[in-house]
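What follows is a short report on a single structure.
Residue numbers (my numbering): 1 to 340.
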């Protein structure tokens, strides 16, 4: 149990879980907590400045595992060293930051998605301010960012996928056409979640219907049959895409889903070598984690969680095994896969 937990990220190679949480009690402060997977009861709280406010997104660097990028509602984007437990870079933002990401192809570049729809790019070697600020297609908050892998971009362009309620957009930094460009067929409802697998260039977007919207989408899988309700839910859908080239995405499949009517749920994709990848999301009716094979969305496994709601879900790989991590309310669940 991790009191006040809101977000997680996992470094499977170094056997560390990082949790963003709010300490209990009136006016509880926001902290980052390091948990060793070798000794789960050994925990270390890292204080963050009061002005940072609640942490909204959190990512351990894929290049330098000792660095952590996090965005906050206090209009801050910060980089923290897990060796010194101190913030080494701290950027002021024009609005609250709902999402952030490291660049997969350049360890110096980081991004923040803001509440007002702006996407901001920073170079860690320059501390004076952002390299670029780009306006989104709408003013909807950017709730998810993913950096595209190098082999899915042209030349040395830095490309980003972003998700807001409006849909999925691609942004191309250092390119003649920066965007954002709306990916076709991704604005068919209110987009609530976006999962991306860089090794396969697959993505899955989750949607709940807009108010007054009729459902005319043809799905790969039939509608689920609710058994019992654990909270507010609506009939939504998951849609899978694959990146083909610079601006082209092909639709792979879709399925009905029980989607949370209020929250922005988290999801992830597991890359199983030699097999089809698995999409992982929380079912808003059963409360379980559902593993579905892509692109068919065939249900493969249901994983029980002890509390609701599911706040975060992440997948990482290290030591010849995959680690699926799930934060359900204040309970941290860890599931292992082999040969992935």
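Just so it is clear, CB atoms sit at the ideal spot from N, CA and C, and this is done for glycine as well.
Residue 267 is bridged by DSSP to 281. Within the same chain, 31 and 33 come within 7 angstroms of residue 45 by CB-CB distance, once the 5 residues on both sides are set aside. Straight across, the Cα-Cα distance linking residue 52 with residue 111 is about 17 angstroms. Here the alpha carbons of residue 310 and residue 265 stand approximately 7 angstroms from one another. Around the Cβ of residue 158, a 10 Å sphere holds 16 or more other Cβ atoms; the residue is buried. Sequence-distant partners of residue 126 (beyond 5 residues in either direction) whose C-beta falls short of 6 angstroms from its own C-beta are missing from its chain. When DSSP states are grouped into helix, strand and coil, residue 144 belongs to the strand group. Listed in chain order, the non-local C-beta contacts of residue 74 below 7 angstroms within the same chain comprise 51, 52 and 53, local neighbours out to five positions each way being set aside.
Cβ neighbours of residue 178 within its own chain (closer than 7 angstroms, five residues either side excluded): 134, 171 and 172. At the C-beta level, residue 11 and residue 60 come within 8 angstroms of one another. The Cβ-Cβ distance between residue 143 and residue 101 does not fall below 8 angstroms. Measuring C-alpha to C-alpha distances from residue 180 to each of 290, 163 and 106 identifies 163 as the nearest.
In this structure, residue 253 sits near residue 297, with a CB-CB distance shorter than 8 angstroms.
Linking residue 76 to residue 161 through their CA atoms gives a straight-line distance of about 21 angstroms. DSSP places residue 33 inside the beta strand (DSSP E), whose first and last residues are 30-36. Within the DSSP bridge table, the entry for residue 254 names 239 as partners. According to DSSP, residue pairing for residue 262 in a beta bridge does not occur. At a Cβ-Cβ threshold of 8 angstroms, residue 119 and residue 136 count as neighbours. Secondary structure of residue 337 (DSSP, three-state): strand. Proximity to residue 83 across 91, 92, 64 and 71 peaks at 64, based on C-alpha coordinates. About 17 angstroms separates the beta carbons of residue 300 and residue 333, which is beyond the 8 angstroms limit, so they are not a contact pair. Residue 117 sits close to residue 140, with the two beta carbons spaced by under 8 angstroms.
Annotated three-state conformation of residue 52 is helix, per DSSP. Residue state for residue 183 is assigned as coil, using DSSP reduced to three classes. Distance from the Cα of residue 282 is smallest, within the candidate group 121, 276 and 193, for 193.
The DSSP-derived three-state label of residue 272 is coil. Residue 326 and residue 206 have their C-alpha atoms spaced approximately 18 angstroms apart. Around the CB of residue 295, 16 or more other CB atoms lie within 10 Å, so the residue is classed as buried. The alpha-carbon separation between residue 284 and residue 128 amounts to approximately 43 angstroms. The secondary-structure analysis by DSSP pairs residue 123 across a beta bridge with 109.
Note that the C-beta distance between residue 20 and residue 67 is not below 8 angstroms. Just so you know, the alpha carbons of residue 242 and residue 168 end up roughly 13 angstroms apart.
Looking at the backbone, the Cα of residue 48 and that of residue 41 are separated by about 22 angstroms. At the C-beta level, residue 8 and residue 307 stay beyond 8 angstroms of one another. Residue burial is scored here from C-beta neighbours: residue 115 has at least 16 other C-beta atoms within 10 angstroms and is therefore classed as buried. When rounded, the separation of the alpha-carbon atoms in residue 250 and residue 188 is 15 angstroms.
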